[in-house]
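Everything below concerns the one structure shown next.
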Amino acid sequence: MKAACYQGLREISCEDVEKPVIQEPTDIIVKVAACGICGSDLHSYKLGLFPEISLETPKGRIPGHEFSGDVVEIGSAVEGIKVGDRVAAIAMGGMAEYARVGNAFLGMTVYKLPDEVSYEEAATIEPLATSLHAARKGRPAEGQNIVVFGAGIIGLGIIQCLKAMGLNFRQIIAVDVSDRRLDMARRMGADVTLNAVRENVHERVEAIAGTQPFMLMPDAGSYPLVDIVYDAVGYIMERPGVPVFQQAIHMAKEEGTVVVFGIFEQNLNLDLSDMVTKQVNIHGSFAYTFDDLADSLELIRSGKVDRRALVSHECSVDQCKEAFETQANFDGSVKVLIKP
Ligand SMILES: [Zn+2]
322 MKAACYQGLR
332 EISCEDVEKP
342 VIQEPTDIIV
352 KVAACGICGS
362 DLHSYKLGLF
372 PEISLETPKG
382 RIPGHEFSGD
392 VVEIGSAVEG
402 IKVGDRVAAI
412 AMGGMAEYAR
422 VGNAFLGMTV
432 YKLPDEVSYE
442 EAATIEPLAT
452 SLHAARKGRP
462 AEGQNIVVFG
472 AGIIGLGIIQ
482 CLKAMGLNFR
492 QIIAVDVSDR
502 RLDMARRMGA
512 DVTLNAVREN
522 VHERVEAIAG
532 TQPFMLMPDA
542 GSYPLVDIVY
552 DAVGYIMERP
562 GVPVFQQAIH
572 MAKEEGTVVV
582 FGIFEQNLNL
592 DLSDMVTKQV
602 NIHGSFAYTF
612 DDLADSLELI
622 RSGKVDRRAL
632 VSHECSVDQC
642 KEAFETQANF
652 DGSVKVLIKP
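Structure follows, in structure tokens:
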């Protein structure tokens with residue numbers, strides 16, 4: 322079968338590899354319909370990070386853990402899943418015609434797709450669950466000002482999840498360096514968008530959200546009235562400058578919240594005094610729970626979030642190199658799907 326295989330840094334090619342077979346009684350084999358390129362796949366592609374999220378083969382490692390398709394084979398101990406089921410699955414090696422899902426348990430590693438949910442939408446359930454997990458970590462509430470740094474698939478998903486909560490926020494402000502992605506953020510429900518290349522983000526946020534004097538030390542100035550800052554950027558070596566995390570703790574109000582989701586490609590030198598004096602709550606967020614996955618599927622099924630709009634490109638597995646380069650181009654893409 323055909324599969325995308327890493328060959329080295331920034332090297333990926335379509336190879337002919339062995340089709341996976343049932344190895345354990347709880348395995349299933351899925352004929353892959355669509356598989357997303359994750360930000361973490363890009364970190365692997367560009368820097369060789371996270372080898373554990375790809376599947377080793379003699380022809381190279383197969384990336385892909387955000388996929389959907391049809392069940393074509395099941396192990397003897399699999400329950401509640403049958404051949405022909407349309408599913409989204411959590412496993413490695415999804416950028417191939419077939420993928421083996423180990424420990425295939427419904428509601429955990431396998432989710433049956435309702436008729437209303439397409440394969441393409443289903444391939445975005447995993448990143449949506451990641452966004453939902455992060456969104457919930459901030460404990461959003463009515464009347465808050467919220468800033469989302471990064472309008473990639475996770476940041477956009479955070480905005481979608483916030484909107485789907487049905488709470489009356491004061492402002493959701495999206496910050497990115499790509500106008501194209503910021504347009505998408507507006508479509509997904511951001512009230513204001515700021516391009517960090519052209520605008521002084523801190524000043525603009527102060528103007529939009531208002532300010533509050535620093536209670537404990539009024540002489541130390543004032544801070545924007547921002548309740549929650551989501552950092553869906555982390556640190557990307559290609560984009561040096563003040564880390565978003567630093568900007569976020571500077572921007573949050575006293576006892577405000579910063580949720581850090583982005584991946585840090587290198588260690589940073591940070592001034593954390595603001596975090597201490599303002600008593601900012603910092604939450605790391607990573608991956609998701611089974612509930613987040615099930616809830617994400619329901620958000621798509623019910624039409625509360627539109628994931629279709631976020632799929633900017635669809636490529637065949639033969640075009641995997643092009644697909645990765647397209648995904649790596651921040652301005653030109655949101656979500657690239659590989660459809661083997
Ligand atoms: Zn992912």
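Position 23 (the sequence shown) corresponds to 344 in the numbering used here; numbering is contiguous.
Ideal placement from N, C-alpha and C gives every residue a C-beta, glycine not left out.
Residue i versus the options, residue with shortest Cα-Cα distance
{"i": "Tyr-440", "options": "Gly-653, His-386, Val-353 and Gly-329", "result": "Val-353"}
{"i": "Ala-444", "options": "Ala-455, Ile-584, Gln-587 and Tyr-432", "result": "Tyr-432"}
{"i": "Val-638", "options": "Ile-358, Val-342 and Asp-548", "result": "Ile-358"}
{"i": "Val-655", "options": "Lys-625, Arg-502, Glu-524 and Glu-527", "result": "Arg-502"}
{"i": "Asp-406", "options": "Asp-592, Ile-446 and Leu-427", "result": "Leu-427"}
{"i": "Ser-499", "options": "Leu-488, Cys-482, Arg-560 and Lys-458", "result": "Arg-560"}
{"i": "Gly-459", "options": "Ile-570, Tyr-419, Ala-615 and Tyr-551", "result": "Tyr-551"}
{"i": "Leu-453", "options": "Val-632, Gly-624, Asp-612 and Asn-650", "result": "Asp-612"}
{"i": "Ser-334", "options": "Val-601, Ala-528, Met-416 and Asn-588", "result": "Met-416"}
{"i": "Gly-329", "options": "Pro-372, Leu-546 and Ala-649", "result": "Pro-372"}
{"i": "Asp-592", "options": "His-571, Val-392, Glu-575 and Gln-600", "result": "His-571"}
{"i": "Ile-383", "options": "Met-413, Val-393 and Ile-395", "result": "Met-413"}
{"i": "Arg-331", "options": "Ile-659, Ala-644 and Ile-603", "result": "Ala-644"}
{"i": "Pro-379", "options": "Gly-464, Ala-325 and Asp-497", "result": "Ala-325"}
{"i": "Arg-421", "options": "Pro-346, Ile-493 and Gly-473", "result": "Pro-346"}
{"i": "Val-626", "options": "Gln-567, Gly-531, Ile-474 and Ile-467", "result": "Ile-474"}
{"i": "Thr-430", "options": "Ala-410, Val-438 and Pro-448", "result": "Ala-410"}
{"i": "Tyr-609", "options": "Ile-621, Thr-532 and Ala-456", "result": "Ala-456"}
{"i": "Arg-628", "options": "Lys-642, Ala-485 and Gly-555", "result": "Ala-485"}
{"i": "Ser-365", "options": "Ile-659, Val-657, Ala-649 and Glu-463", "result": "Ala-649"}
{"i": "Lys-367", "options": "Ala-517, Tyr-327 and Pro-539", "result": "Tyr-327"}
{"i": "Ser-397", "options": "Asp-436, Cys-356, Asp-391 and Ile-349", "result": "Ile-349"}
{"i": "Lys-660", "options": "Phe-651, Gly-624, Gly-562 and Cys-641", "result": "Cys-641"}
{"i": "Cys-356", "options": "Glu-418, Val-338 and Asn-466", "result": "Glu-418"}
{"i": "Ile-402", "options": "Ser-543, Gly-385, Gln-568 and Asn-424", "result": "Asn-424"}
{"i": "Val-468", "options": "Val-597, His-523 and Glu-575", "result": "His-523"}
{"i": "Asp-391", "options": "Gly-381, Gly-385, Val-404 and Leu-483", "result": "Val-404"}
Simplified DSSP assignment, three categories, for residue i
{"i": "Thr-598", "result": "helix"}
{"i": "Lys-574", "result": "strand"}
{"i": "Glu-400", "result": "coil"}
{"i": "Phe-611", "result": "helix"}
{"i": "Gln-328", "result": "strand"}
{"i": "Leu-591", "result": "coil"}
{"i": "Lys-660", "result": "coil"}
{"i": "Asp-639", "result": "helix"}
{"i": "Val-565", "result": "helix"}
{"i": "Arg-560", "result": "coil"}
{"i": "Leu-618", "result": "helix"}
{"i": "Gly-357", "result": "strand"}
{"i": "Ile-411", "result": "coil"}
{"i": "Phe-371", "result": "coil"}
{"i": "Ile-383", "result": "strand"}
{"i": "Phe-388", "result": "strand"}
{"i": "Ile-343", "result": "coil"}
{"i": "Leu-449", "result": "helix"}
{"i": "Glu-442", "result": "helix"}
{"i": "Glu-394", "result": "strand"}
Chain C within 7 Å of residue i, Cβ atoms only
{"i": "Pro-661", "result": "Although the question refers to chain C, the structure presented lacks it and comprises just one protein chain."}
For residue j and residue i, believed in contact at Cβ under 8 Å, the rounded distance
{"i": "Ile-374", "j": "Ser-361", "result": "6 Å"}
{"i": "Arg-507", "j": "Thr-514", "result": "6 Å"}
{"i": "Val-580", "j": "Phe-470", "result": "Not confirmed; about 10 Å, so no contact."}
{"i": "Gly-510", "j": "Val-547", "result": "Wrong, their Cβ atoms sit about 17 Å apart, outside the cutoff."}
{"i": "Ile-343", "j": "Glu-394", "result": "6 Å"}
{"i": "Ala-530", "j": "Asp-497", "result": "The Cβ separation is near 18 Å, so there is no contact."}
{"i": "Ile-557", "j": "Glu-586", "result": "6 Å"}
{"i": "Ala-681", "j": "Gly-476", "result": "Absent from the model: residue 681. The displayed extent of the chain is 322 to 661, so no value can be given."}
{"i": "Ser-617", "j": "Ala-450", "result": "4 Å"}
{"i": "Gln-492", "j": "Asp-512", "result": "5 Å"}
Per DSSP, the bridge partner or partners of residue i
{"i": "Tyr-419", "result": "Lys-352"}
{"i": "Asp-307", "result": "A question about residue 307 goes unanswered here, because the residues of the chain that appear run from 322 up to 661."}
{"i": "Gln-492", "result": "Asn-466"}
{"i": "Tyr-366", "result": "DSSP output for Tyr-366 lists no bridge partner at all."}
{"i": "Gly-605", "result": "Val-581"}
{"i": "Arg-629", "result": "BP columns for Arg-629 are empty, so no partner."}
{"i": "His-634", "result": "Val-657"}
{"i": "Asp-552", "result": "Phe-470 and Val-581"}
{"i": "Leu-427", "result": "Val-431"}
{"i": "Leu-376", "result": "Ile-383"}
Near ligand 2: residue i beta-carbon under 6 Å from a heavy atom
{"i": "Cys-359", "result": "This structure simply doesn't include ligand 2; it includes ligand 1 instead."}
Query - alpha helix (DSSP H) runs contained entirely in the segment 456 to 490, provided each spans 4 or more residues - result: Listed in chain order, they are 474 to 485.
**Report entry** 4-residue-minimum alpha helix (DSSP H) runs that sit fully inside the segment 498 to 544, ordered along the chain
**Finding:** 500 to 509 and 522 to 530
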